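This report concerns only the one structure given below.
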Amino acid sequence: MFKQIFTLFVVVLLTTQLGAQTPLKEGTATVAGVVTLKGEPARNVLVVLQAAEKYQQNQTPRVKTDEAGRFRFERVKAGRYTLGAVAPGYSAPSENMYGAQGKSITVAEGETLDTLEIQLRFGAVITGRVTDSRGNAIVGHGLELFRMNEHEKPERVWLGPNGMFSATDDRGIYRVFGLPEGRYLVSLGFEQRPNSITMTTVRVLYPKTYYPNATTIADAKIVKVSEGQEVTGIDISIGAARKNYDVAGRLTYSENGQPAAGVEIGYGVVASDGKRIGPTANNDFKTDANGEFRLQNILPGKYVAFADPELGDNWYSEPVRFEIGEADVEGLELKLHRSGTISGVAVIEGTADPIVLAKLTALRLNAFVSGSNLIAPTYRNKITPAANGSFTAKGIAPGRAVFSLAYNEALSAFTILRVERDGVPQSEGIEIGAGEQISGVRVVIGYGKGVIRGQVQVVGGVIPNTIQIRVYVRQPGGRMSSLNSATVDVRGQFRIENLPSGEYELVLSPSYRSEEAPSGFEEWKRLLEDFKQRVTVGEGETPVTIPLDLSRKGGNQ
Amino acid sequence: MNPKLQFWTCIVCCGLLLSLASVSASAQQRGTITGRIVTDDGITLSGVTVMLMSYSGGISTRSFKTTLTDEEGKFQFTGLPQRTYTINVTESLGYVTAPRPVNAPPQVYRIGDQAVIRLMRGGVITGRVTYPNGEPIIGVYVTAFRVRDAEGAPLKYQTNFRTRLTDDRGVYRIYGLQPGSYIVAANHSGASFYGNQSPFDGDAATYHPASPHDTASELQVAAGTELANIDIRYRSERGHVLSGKVIGGSAPNGSTTYLANIMLLTYPAGMHAGITASRPGDTDNGFAFLGIPDGEYELIADRGSADGEGNLRAESRRVTVRGGDVIGIELKLMPMASITGRVLLEASTTACDPKAKPSVEEFMIVPRREEKATETTAQTFRYQQAFVPDEKGEFKLYGLIAGQYRIASTLPGENWFVKSIASATGPANTTAKSPATTDLGRSGITLKSGEKLSGVTITIADGAVSLRGTLAPAKPGGRLSSRMRVHLIPAELTAVEDALRYGETITTDGSFAFTNFAPGKYWLLAKAVPDNDPADRLPMPLAWNATERSKLRKEAEAAKHEVELKACQRISEYVLKF
């Protein structure tokens with residue numbers, strides 16, 4: 059019974075709502091087109107139009123194609139969407155088997171997009187058996203497939219949540235279907251990537267193994283499939299599962315050496331440069347009455363441990379390094395030191411509407427402290443401004459504190475414009491020393507529902523599909539991440555919402571979808587680095603055109 | 087199995103609280119739990135992940151630890167604080183845990199224990215899903231529901247299911263099935279919980295061979311066997327939409343972190359028919375179940391919170407789907423009740439084992455709600471939780487729906503029994519010399535919706551007795567029925583109303599065990615369990631009901647199986663003639 063309760067709970071957290079077949083909320087755009095298979099119309103295929111940035115949307119519009127393969131979504135609201143066909147067993151461009159991804163499109167009010175085509179192809183099949191070194195079946199593990207792109211770089215193929223579309227059965231047999239033709243790496247197992255942390259719970263961590271039995275990509279054998287082909291016998295032999303270990307220690311107050319009880323202990327990866335803390339993990343490990351703790355299930359590697367005192371406590375700890383080899387680590391000594399506070403006032407700018415101003419106390423500030431040196435990251439959240447806007451953030455470790463607003467969809471029209479200390483903008487955060495009490499900080503919050511509707515106009519070349527461009531909007535000279543951003547879609551369009559009226563600067567930044575940077579990525583970075591464009595945002599939509607001259611690419615090296 | 091694990095004490099009472107001592111919080115000892123995995127086919131499972139979980143602190147914070155079995159299938163967890171643990175084999179390679187008797191206590195372990203985890207080879211159901219023209223159906227979920235146990239007894243909560251997708255040939259293969267009877271459905275609405283868009287959304291489920299639910303074929307799966315060719319001819323029949331919204335219970339600080347979970351069960355069978363989530367928020371808190379066939383259903387909704395104490399729950403709602411969509415259902419979330427209090431270890435001069443020093447964190451408390459005959463399936467479903475006191479013995483039992491509760495406990499070892507459960511009554515009155523108390527061991531605890539009851543004291547005493555034995559037919563050649571209920575009834579007149587002194591267990595093999603009971607005189611009584619009683623539902627102990635209790639006493643008095651157990655006495659081979 060208990061197990062069952064637990065299982066259900068886990069499932070519930072993973073739950074996303076299926077779309078009800080309800081028409082879209084009133085919009086004025088139309089999205090329509092045709093689904094084809096080998097040039098012929100594909101009928102009765104499900105097409106979905108998923109709003110791109112709505113997490114767990116309740117009502118995803120969906121239609122089935124008619125006899126002529128046509129689909130049509132009407133009354134579509136302006137916004138960003140992913141358009142995809144759900145045709146298990148078939149493949150479509152930039153889609154994987156179950157339509158996890160599709161075409162990204164941007165729709166404006168009143169617009170009619172009716173020449174869209176989704177080209178389905180017969181999916182290919184790769185099947186085989188996974189066994190351990192003694193020939194025992196590996197049961198219930200999802201495979202990882204990588205498709206080689208045009209630059210011979212492996213790109214990961216999405217195979218469902220937790221790899222459920224590719225999981226081995228009780229005989230160790232897997233069967234991945236609906237694959238686009240291409241060249242694949244077939245693998246199973248876990249690889250600790252540099253600068254990442256793994257919180258193991260229920261997983262067996264087999265070492266990453268590529269078909270047929272390679273531990274590195276270089277030794278992996280490529281599996282080639284053509285459209286609709288079935289390739290069998292892609293068997294993998296895998297090594298022994300990895301063990302994980304414990305770290306035990308004690309936490310005391312530096313002032314008097316007394317044990318600190320009931321304090322959470324976290325740990326983090328030491329970044330590859332050895333100077334910073336990378337990702338951190340916290341598993342609800344707390345010190346007992348003697349200040350003792352035991353962190354569990356840690357994979358071999360270099361880490362730091364630190365105390366993470368409760369919100370409102372005025373303590374911080376300095377991280378202590380440890381390394382997990384092939385044994386538990388005992389006797390780690392952590393200390394708590396007195397921390398600093400940052401107090402000041404939060405104000406909403408650019409509106410006199412009393413209803414908007416009254417929402418100040420509903421906003422929650424987060425303060426994230428980091429530093430260039432090895433310091434424990436402290437994240438003080440849910441800092442609540444009083445009715446007069448005053449706030450105090452306690453428990454701030456020495457370093458640089460950056461404020462942000464806690465995400466709340468109902469309050470998404472609010473954004474932090476800037477943070478000032480004694481009237482001076484602190485665009486890189488507020489420097490705070492050990493135990494320092496800082497006051498006179500002003501967090502200026504903007505309110506607005508302005509929209510930038512943008513079009514990137516590419517001349518002198520094309521953007522390869524390995525590169526994704528993101529547009530950031532910031533106050534002139536402000537922090538890049540301080541405001542909203544959006545990804546440029548295949549048509550070169552983007553849309554940024556919830557902007558307070560005012561002057562902004564648009565900046566561009568490239569990213570990539572593959573595991574590694576594609577070739578020429580540095581050039582893209584340099585090309586986009588210099589780009590800045592000013593825009594004045596009012597209350598409604600502001601159209602913006604961004605010229606991007608690719609002929610300059612590589613020219614300024 | 088380690089004999090130390092077999093207790094499920096029911097309830098207490100008693101008169102005076104004598105000198106009470108709380109357990110000291112200092113200097114916890116640490117220890118080890120070792121174990122091994124044993125399979126029914128004798129195969130050693132090495133390199134298998136074993137997960138150890140503990141409840142710790144005043145709330146049931148789960149912490150966990152994993153390890154791997156060695157070449158001999160053995161495992162070990164070291165450096166463990168003195169607490170109560172559960173062990174899960176998460177990597178079972180197609181093996182399943184043997185189904186446990188419904189009245190078995192939660193399988194818990196404590197430091198020093200040697201756990202034996204018994205696994206059996208799971209069964210397999212495999213087949214093909216096709217359209218009537220024989221064309222395969224690709225990428226549809228197929229779900230196997232366990233509807234009867236291996237002995238053929240019906241299961242009330244048919245929530246034990248496994249799901250797989252069909253491949254490009256329409257083939258599915260569901261493995262790791264416990265022995266029992268199954269029904270298999272394609273595109274069951276309860277299966278699409280991963281939220282992928284599916285071309286089959288909105289279709290009603292088709293059961294093997296080509297039926298709606300009521301005429302589904304039951305398939306018997308024996309341990310380790312494979313049933314092949316369990317094909318499903320897909321009916322492509324539209325189901326209905328059942329939708330609405332979750333209202334009420336706005337989260338503090340406008341937090342949108344937690345989802346409301348909505349669960350759909352068939353009525354009265356209690357079969358899992360769907361699970362979904364909605365977002366708390368101003369506008370977007372709707373939910374919808376698609377592809378629902380005509381029938382009677384129950385909806386339950388709840389919402390978790392960071393610490394569990396802020397959990398909300400809606401009253402369960404009956405819904406009839408008949409020929410059309412049902413929309414606009416509102417499920418109102420309401421706060422849940424809680425009980426706070428303290429566990430006290432009574433100082434004793436007659437300790438069974440003077441060296442044993444249990445930690446109060448090794449006690450587990452399970453609030454059990456009395457089910458009423460008129461109540462619906464979902465009323466108590468999935469709300470039973472175990473709690474552990476903190477190092478000071480303080481506990482908070484939360485997430486409780488309104489109703490009448492009894493406190494069940496599992497205690498560390500057989501030396502202890504629950505002597506009384508009491509609460510201070512009326513407003514706290516510091517001037518009173520001896521505050522009035524209510525004996526909750528007799529009355530049970532009544533909670534209103536959202537009520538926060540405090541000041542409950544559970545007193546644990548040393549000197550517990552235990553009684554193990556077997557049932558034997560009274561007449562030569564007589565037969566026992568497949569399920570028997572064995573009762574332990576206090577013979578003393580002073581204990582007539584003390585529910586803590588009554589024990590009740592169900593046996594399928596004739597063996598029974600009562601542990602963690604107060605010393606005294608008892609009667610034993612055995613009764614057959616009706617065949618149509620669900621096998622996965624812990625029956626309400628008869629002793630909780632005054633009328634049933636007096637009937638039971640009369641029968642027990644007439645049957646004359648009396649046994650007197652002195653403090654710390656353990657009887658292990660009692661033969662109860664039935």
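Just so you know, the protein sequences line up as chains A and B, in that order. Taking our numbering, the leading residue of the first sequence gets 59, the next gets one more, and so forth. Taking our numbering, the leading residue of the second sequence gets 87, the next gets one more, and so forth. Beta carbons: idealized from backbone N, C-alpha and C, even for Gly. The structure presented is a predicted model; accordingly, all values stated were derived computationally and were not measured.
Inset, instruction - Report buried or exposed for Gly-506 (chain A), applying the criterion of at least 16 other Cβ atoms within 10 angstroms of its Cβ. - result: buried
Inset, instruction - Consult DSSP for Lys-211 (chain A) and reduce its assignment to one of helix, strand or coil. - result: coil
Inset, instruction - In angstroms with no decimal places, state the Cα-to-Cα distance between Gly-578 (chain A) and Thr-310 (chain A). - result: 51 Å
Legend entry - Gly-159 (chain B) versus Arg-122 (chain B): straight-line alpha-carbon distance, rounded: 5 Å
Inset, instruction - Quickly, what does DSSP pair Asp-607 (chain A) with across the bridge? List them, please. - result: A:Val-517
Inset, instruction - Assign Gly-336 (chain A) to one of three DSSP states: helix, strand, or coil. - result: strand
Legend entry - Cut-off 6 Å between Cβ atoms - residues of its own chain near Thr-140 (chain A), not counting five sequence neighbours on either side: Gln-108, Ala-110, Gly-160 and Ser-162
Inset, instruction - Taking Gln-316 (chain A) as the reference, give the member of A:Tyr-325, A:Thr-345, A:Gly-336 and A:Val-327 with the closest Cα. - result: A:Thr-345
Inset, instruction - Would you kindly work out how many angstroms separate the C-alpha atoms of Gly-137 (chain A) and Ala-166 (chain A), rounded to a whole number? - result: 7 Å
Inset, instruction - Could you give the DSSP three-state label for Ser-149 (chain A): helix, strand or coil? - result: strand
Legend entry - chain A contact for Gly-198 (chain B) (CB, 9 Å cutoff): no
Legend entry - Beta-carbon proximity check, Phe-751 (chain B) vs Thr-155 (chain B), cutoff 9 Å: A query on residue 751 (chain B) cannot be resolved here, the shown segment of chain B reaching from 87 to 664 and no further.
Legend entry - Burial state of Ala-644 (chain B) (16 or more Cβ within 10 Å): exposed
Legend entry - Buried/exposed call for Ser-132 (chain B), threshold 16 Cβ in 10 Å: buried
Legend entry - Distance CB(Ala-547 (chain B))-CB(Ser-434 (chain B)) smaller than 9 Å: yes
Legend entry - Outcome for Ser-470 (chain A) when other beta-carbon atoms lying within 10 angstroms are tallied against a minimum of 16: exposed
Legend entry - Under 8 Å from the C-beta of Phe-235 (chain A): neighbouring residues of chain B: Ile-224, Asp-253 and Asp-254
Inset, instruction - Establish whether the CB of Ser-434 (chain B) and some CB of chain A are separated by less than 9 Å. - result: no
Inset, instruction - Assign Trp-216 (chain A) to one of three DSSP states: helix, strand, or coil. - result: coil
Inset, instruction - Pull up the DSSP beta-bridge partners for Lys-663 (chain B), would you. - result: B:Ala-558
Inset, instruction - Could you tell me the boundaries of the beta strand (DSSP E) in which Val-244 (chain A) lies? - result: 240-246
Legend entry - Residue-chain proximity (Gly-479 (chain B), chain A), Cβ-Cβ < 9 Å: no
Inset, instruction - Compile a chain-ordered list of the residues in the segment 292-316 of chain A whose CB is closer than 9 Å to at least one CB of chain B. - result: Ala-298, Ala-299, Arg-300, Lys-301, Asn-302, Asp-304 and Ala-306
Inset, instruction - Assess, as a yes-or-no matter, whether the segment 347-360 of chain B is touched by the segment 301-316 of chain B under the definition of 3 or more beta carbon pairs within less than 8 Å. - result: no
Legend entry - Among B:Gly-606, B:Lys-613 and B:Ile-197, the one whose alpha carbon lies nearest that of Leu-166 (chain B): B:Ile-197
Inset, instruction - Run down chain A in chain order and give the residues with a C-beta less than 8 Å from the C-beta of Arg-169 (chain B). - result: In chain order: nothing, as chain A lies at least about 11 Å away.
Legend entry - Cutoff 9 Å: Asn-424 (chain A) Cβ touching any chain B Cβ: no
Legend entry - Interface flag, Ser-284 (chain B) vs chain A, CB-CB below 9 Å: yes
Inset, instruction - Tell me where the beta strand (DSSP E) around Trp-582 (chain A) begins and ends. - result: Careful: Trp-582 (chain A) lies outside any beta strand (DSSP E), inside the alpha helix (DSSP H) at 579-587.
Inset, instruction - Would you list the one or two residues that DSSP bridges to Glu-609 (chain B)? - result: According to the sequence provided, residue 609 (chain B) is Trp. The question's Glu does not apply to it. B:Ile-575 and B:Glu-648.
Legend entry - Inside the segment 422-483 of chain A only - beta strand (DSSP E) runs reaching at least 3 residues: 423-428, 436-441, 448-454, 457-463 and 472-479
Legend entry - Close beta carbons around Gln-115 (chain B), own chain, < 7 Å, minus the five adjacent residues each side: Gln-168
Inset, instruction - Check the Cβ-Cβ distances between Gly-356 (chain B) and every residue of chain A, and say whether any is below 9 Å. - result: no
Inset, instruction - For Gln-75 (chain A), decide whether its Cβ has a neighbour in chain B, counting only Cβ atoms nearer than 9 Å. - result: Interpretation of Gln-75 (chain A) is limited by its pLDDT of 32, a score under 50 that renders its predicted location unreliable; no figure is taken from the coordinates.
Legend entry - Beta-carbon contacts of Lys-360 (chain A) that lie in its chain and below 6 Å, excluding the five residues immediately before and after: Val-328 and Glu-381
Legend entry - DSSP state of Arg-528 (chain B) mapped onto helix, strand, coil: helix
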